[in-house]
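K.L.:
Residue numbers (the working numbering), protein chains in the order written: chain A, 1 to 343; chain B, 1001 to 1062.
Please read through the structure below; I'll follow up with questions.
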């Protein structure tokens, strides 16, 4: 099997343009030597070593956003927390001012239309968004070329300058765009899904409030039971049989990580949400050669957010209708009105 | 330099094979193989592999 998402633009009749070019050339959609080369070049910028420096920034950002709504006793958890938080984390990562978050979130949302069923109709908006995102990437790269640094963009620029045969300038820009595009919607959705799980399991939220050191395990338990990435996509590169099912070459396969990780046949109490339970690994970040490159950052920022939210907000509950994205491989809430008590 | 992989947490993603192909590889059965004692000249690659491992299963001793 190989990664299967490379066929997405083609399946939708989109074979030219900025989005299709970027999509088919970037890390997620390439295989073999090209994939290994790009991954080796990108790894230092996504190192777990960078997380320690970012942790205080994640906490400051989470506290700033919570300060914005805590006196009201209610908020739209998506508009007032998860969206500005996920985008603010990317601003921190790129070295952009937090005030840029709205613009960046809107561009990412327009670009995200490419993953929807109305991809082709939305193409003009998508192409405009891709253009804007590359302008951002170009500006950031030019800044680090003039002022070398050891931050995320600085490390990618360094990789391009030191090994241009291993990471071309275009490949470096593609990587910056992937980090922005891949980091915003996923994190926004996943933290919203975490709140959904905790509202359904109030004892677990109370426990997390008392024991913030459980936040790391809480992120894993949320991703096991309610991942935003419900499946990963692969394509069969040859005919094969899996447990009696014949799969022919070229078939697009959706591997249902969420179902696998909540399978009662595979583990005890599989459907119980318990942040203290020892669990088998989940597939919320995929697996194998295409395992999510940004997972150290995502785990770090979600851990910081859940620990602070649970310590400052008590008894969260729904206070209106939750609006969900259409069910697909990337799921989450677009609106989540909640009420709560102050700690 | 001694290289240890904690096989109780390794999930065979193969990120070490990408980061340090001269050190880590998969055998025909899909198992991970690596030399317990590794040439000092490959230290940078082994460190990159330990860093990139999603499960943080690689420990370098010495």
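Each residue gets a CB set at the ideal place from its N, CA and C atoms; glycine is no exception.
Can you list, in chain order, the stretches of the alpha helix (DSSP H) that have 4 or more residues and sit fully within the segment 250–288 of chain A?
P.N.:
The segment 250–288 of chain A contains these whole alpha helix (DSSP H) runs: 257–261.
K.L.:
State the DSSP-derived secondary structure class of residue 1061 of chain B, mapped to helix, strand or coil.
P.N.:
The count along the second chain starts at 1 and reaches residue 1061 of chain B at position 61. Strand at residue 1061 of chain B.
K.L.:
Assuming residue 373 of chain A is part of the beta strand (DSSP E), what are its boundary residues?
P.N.:
In the structure as shown, chain A starts at 1 and stops at 343, and residue 373 of chain A therefore has no counterpart that could be examined.
K.L.:
Using three-state DSSP, classify residue 240 of chain A as helix, strand or coil.
P.N.:
Taking the first chain and counting its residues from 1, one reaches residue 240 of chain A at position 240. Residue state, collapsed to three classes: strand.
K.L.:
Would residue 39 of chain A count as contacting chain B if we go by Cβ distances under 8 Å?
P.N.:
Within the first chain, numbered from 1, the residue matching residue 39 of chain A stands at position 39. Cβ-Cβ to chain B under 8 Å: yes for residue 39 of chain A.
K.L.:
Once you ignore the five residues that flank residue 20 of chain A on each side, which residues in its own chain have a CB closer than 6 Å to its CB?
P.N.:
For the purposes of this step, residue 20 of chain A is taken as residue 20 along the first chain, with counting starting at 1. Hits under 6 Å: 9 and 14.
K.L.:
In the segment 39–58 of chain A, which residues sit with their C-beta less than 9 Å from some C-beta in chain B, listed in chain order?
P.N.:
Those residues of the segment 39–58 of chain A that come within reach of chain B (Cβ to Cβ, closer than 9 Å) are 39, 40, 43, 44, 46, 47, 48 and 49.
K.L.:
Can you find a C-beta in chain A that's less than 8 Å from the C-beta of residue 1004 of chain B?
P.N.:
For the purposes of this step, residue 1004 of chain B is identified with residue 4 of the second chain, where counting begins at 1. With 8 Å as the cut-off, residue 1004 of chain B does not count as an interface residue toward chain A.
K.L.:
List the endpoints of the continuous alpha helix (DSSP H) containing residue 35 of chain A.
P.N.:
As a working note, residue 35 of chain A is residue 35 in the first chain. 32–42 is the extent of the alpha helix (DSSP H) around residue 35 of chain A.
K.L.:
Could you pull the DSSP bridge partners for residue 334 of chain A from this structure?
P.N.:
Counted from its first residue, the first chain places residue 334 of chain A at position 334. Bridge partners of residue 334 of chain A: none, in fact.
K.L.:
Residue 1011 of chain B touches chain A at which residues, Cβ-Cβ below 9 Å?
P.N.:
Position 11 of the second chain, counting from 1, holds the residue named residue 1011 of chain B. Ordered by position in chain A, the residues that pass the 9 Å Cβ test against residue 1011 of chain B are 281, 287, 288 and 291.
K.L.:
Listed in chain order, which residues of the segment 1017–1050 of chain B have Cβ atoms closer than 8 Å to some Cβ of chain A?
P.N.:
Taking 8 Å as the Cβ-Cβ cut-off against chain A, the residues of the segment 1017–1050 of chain B that qualify are 1018, 1019, 1021 and 1048.
K.L.:
Whose CA, out of A:253, A:120 and A:110, lies closest to the CA of residue 181 of chain A?
P.N.:
Position 181 of the first chain, counted from the start, is the residue given in the question as residue 181 of chain A. Of the listed residues, the one whose Cα sits closest to residue 181 of chain A is A:110.
K.L.:
Mind the definition here: the segment 308–315 of chain A touches the segment 199–209 of chain A only if three or more C-beta pairs lie below 8 Å; say whether that holds.
P.N.:
Contact holds: three or more Cβ-Cβ distances are below 8 Å.
K.L.:
In whole angstroms, give me the CA-to-CA distance for residue 157 of chain A and residue 163 of chain A.
P.N.:
Here residue 157 of chain A corresponds to residue number 157 of the first chain, with the count starting at 1. Here residue 163 of chain A corresponds to residue number 163 of the first chain, with the count starting at 1. Going from the Cα of residue 157 of chain A to the Cα of residue 163 of chain A covers about 10 Å.
K.L.:
Is it the case that the segment 93–112 of chain A contacts the segment 181–190 of chain A, given that we only count it when at least three CB pairs across the two stretches are under 8 Å?
P.N.:
As far as the Cβ criterion goes, the segment 181–190 of chain A touches the segment 93–112 of chain A, which means the pair count is three or higher.
K.L.:
Taking the C-alpha atoms as reference points, what is the distance between residue 22 of chain A and residue 93 of chain A?
P.N.:
Taking the first chain and counting its residues from 1, the one referred to as residue 22 of chain A is at position 22. Taking the first chain and counting its residues from 1, the one referred to as residue 93 of chain A is at position 93. Looking at the two C-alpha atoms, the distance is approximately 21 Å.
K.L.:
Please list the partners that residue 1052 of chain B has in chain A, where partner means a Cβ-to-Cβ separation under 7 Å.
P.N.:
Start at 1 with the first residue of the second chain, and residue 1052 of chain B comes out as number 52. Within chain A, the residues near residue 1052 of chain B are 43.
K.L.:
Closer than 8 Å by beta-carbon distance: list the chain B residues that pair up with residue 36 of chain A, in chain order.
P.N.:
By 1-based counting over the first chain, the position of residue 36 of chain A is 36. Correct list: 1018 and 1021.
K.L.:
Please classify residue 132 of chain A: does DSSP put it in a helix, a strand, or coil?
P.N.:
Translated into positions along the first chain, residue 132 of chain A becomes position 132. Residue state, collapsed to three classes: helix.
K.L.:
How close, in whole Å, do the beta carbons of residue 308 of chain A and residue 66 of chain A come, if the pair is a contact with beta carbons under 8 Å?
P.N.:
As a position in the first chain, residue 308 of chain A is number 308, starting the count at 1. As a position in the first chain, residue 66 of chain A is number 66, starting the count at 1. At roughly 7 Å, the Cβ-Cβ gap stays under 8 Å, so residue 308 of chain A and residue 66 of chain A are in contact.
K.L.:
If residue 1 of chain A and residue 206 of chain A are in contact, beta carbons under 8 Å, what's the gap, nearest whole angstrom?
P.N.:
One-based indexing of the first chain puts residue 1 of chain A at position 1. One-based indexing of the first chain puts residue 206 of chain A at position 206. That pair is no contact at about 43 Å.
K.L.:
Which residue wins for smallest C-alpha separation from residue 259 of chain A, given the options A:251, A:253, A:36 and A:270?
P.N.:
On the first chain, position 259 is the one that residue 259 of chain A refers to. Among A:251, A:253, A:36 and A:270, the Cα nearest to that of residue 259 of chain A is on A:270.
K.L.:
Three or more beta-carbon pairs under 8 Å between the segment 1029–1046 of chain B and the segment 1005–1020 of chain B, yes or no?
P.N.:
These segments touch.
K.L.:
So with Cβ pairs under 8 Å, would you call residue 295 of chain A a contact of chain B?
P.N.:
Residue numbering aside, residue 295 of chain A sits at position 295 when the first chain is read from its first letter. Closer than 8 Å to some Cβ of chain B, the Cβ of residue 295 of chain A qualifies, so yes.
K.L.:
Which runs of the alpha helix (DSSP H), 4 residues or longer, sit entirely within the segment 31–119 of chain A?
P.N.:
Complete alpha helix (DSSP H) runs here, min 4: 32–42, 49–69, 83–94 and 101–112.
K.L.:
Just checking my contact of residue 221 of chain A with residue 152 of chain A at CB under 8 Å: how many whole Å lie between their CB atoms?
P.N.:
Mapped onto the first chain, residue 221 of chain A falls at position 221. Mapped onto the first chain, residue 152 of chain A falls at position 152. Incorrect: roughly 28 Å between the Cβ atoms, too far for contact.
K.L.:
Compare the Cα-Cα distances from residue 210 of chain A to each of A:255, A:276, A:225 and A:286 and report the closest residue.
P.N.:
For the purposes of this step, residue 210 of chain A is taken as the residue at position 210 of the first chain. For the residues A:255, A:276, A:225 and A:286, the minimum Cα distance to residue 210 of chain A belongs to A:276.
K.L.:
Which word fits residue 326 of chain A, buried or exposed, when buried means at least 16 other C-beta atoms lie within 10 angstroms of its C-beta?
P.N.:
Residue mapping note: residue 326 of chain A aligns to position 326 of the first chain, counting from 1. That one is exposed.
K.L.:
Name, in chain order, the residues that DSSP records as bridge partners for residue 1004 of chain B.
P.N.:
Within the second chain, the letter at position 4 stands for residue 1004 of chain B. Note: residue 1004 of chain B sits in a beta bridge opposite B:1059.
K.L.:
When you compare only the Cα positions, how much space is there between residue 192 of chain A and residue 229 of chain A?
P.N.:
Here residue 192 of chain A refers to the residue found at position 192 when the first chain is read from its first residue. Here residue 229 of chain A refers to the residue found at position 229 when the first chain is read from its first residue. Approximately 13 Å, taken between the alpha carbons.
K.L.:
When you compare each of A:303, A:288 and A:265 to residue 1054 of chain B by their alpha carbons, which one comes out closest?
P.N.:
Numbered from 1 along the second chain, position 54 holds the residue referred to as residue 1054 of chain B. Answer by Cα proximity: A:288.
K.L.:
What does residue 198 of chain A pair with, by DSSP beta-bridge criteria?
P.N.:
Within the first chain, residue 198 of chain A is the residue found at index 198, counting from 1. None; residue 198 of chain A has no bridge partner.
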